[in-house]
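Here's the structure we're looking at; comments come further down.
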Amino acid sequence: MPTSSATATWHGKLKDGSGHFDTASGSAKGEYTFATRFEGKKGTNPEELIAAAHAACFSMALSAGLEKAGTPATRVNTKATCTLDMTGGPKIAKMRLETRGVVPGIDQAAFLKAAEAAKDGCPVSGALKGNVAFELDARLEP
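In terms of the working numbering, the sequence shown is numbered consecutively and its last residue is 825.
Right, here's the structure in full:
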């Protein structure tokens, strides 16, 4: 069974401290602070990393579904936006997936159906399901 890991270290107090994360593969690393997470300052945060994971997972799932249906995609591009709700304390409340695909041989309805299946079937969606509201905007491009 494949496993993945990452580490994160936090130094100092919450509001004036700072953190650093590294993926085990070395392909992603970064710094984060209270201000990058809760005040919109430039830099990364855990929610951005979840959005990146969801965009990547969804794009792969959509590509796989389209290929299985006999209509492989030329390109799938997905933007995931993770919304942190601060009402009653921080909680990831919504994930919006905006996907655009170049897929010869299908129409918009077929693309939307494949995107819905990918949204429901990708492992990151499965991890979030029941805890986070999902929005999907899926469109074919010429």
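Virtual Cβ for every residue (Gly too), placed ideally from N, Cα, C.
- Annotation: the continuous alpha helix (DSSP H) that includes Thr719 extends over Phe717 to Phe721.
- Taking the C-beta atoms as reference points, Lys774 is found no nearer than 9 Å to Glu818.
- Val785 places its beta carbon less than 9 Å from that of Ala756.
- Nearest to Phe794 by C-alpha distance, out of Gly695, Arg758 and Ala739, is Arg758.
- A direct Cα-Cα distance of roughly 22 Å separates Lys725 from Gly709.
- Fully contained in the segment 713-760 are the following alpha helix (DSSP H) runs of length 4 or more, in chain order: 717-721 and 729-751.
- Around the beta carbon of Asn814, a 10 Å sphere encloses fewer than 16 other beta carbons of the protein chains shown; the residue is thus reported as exposed.
- For Lys698 and Phe717, the gap between their C-alpha atoms comes out near 5 Å.
- Bridge pairing for Thr692: His703 [DSSP].
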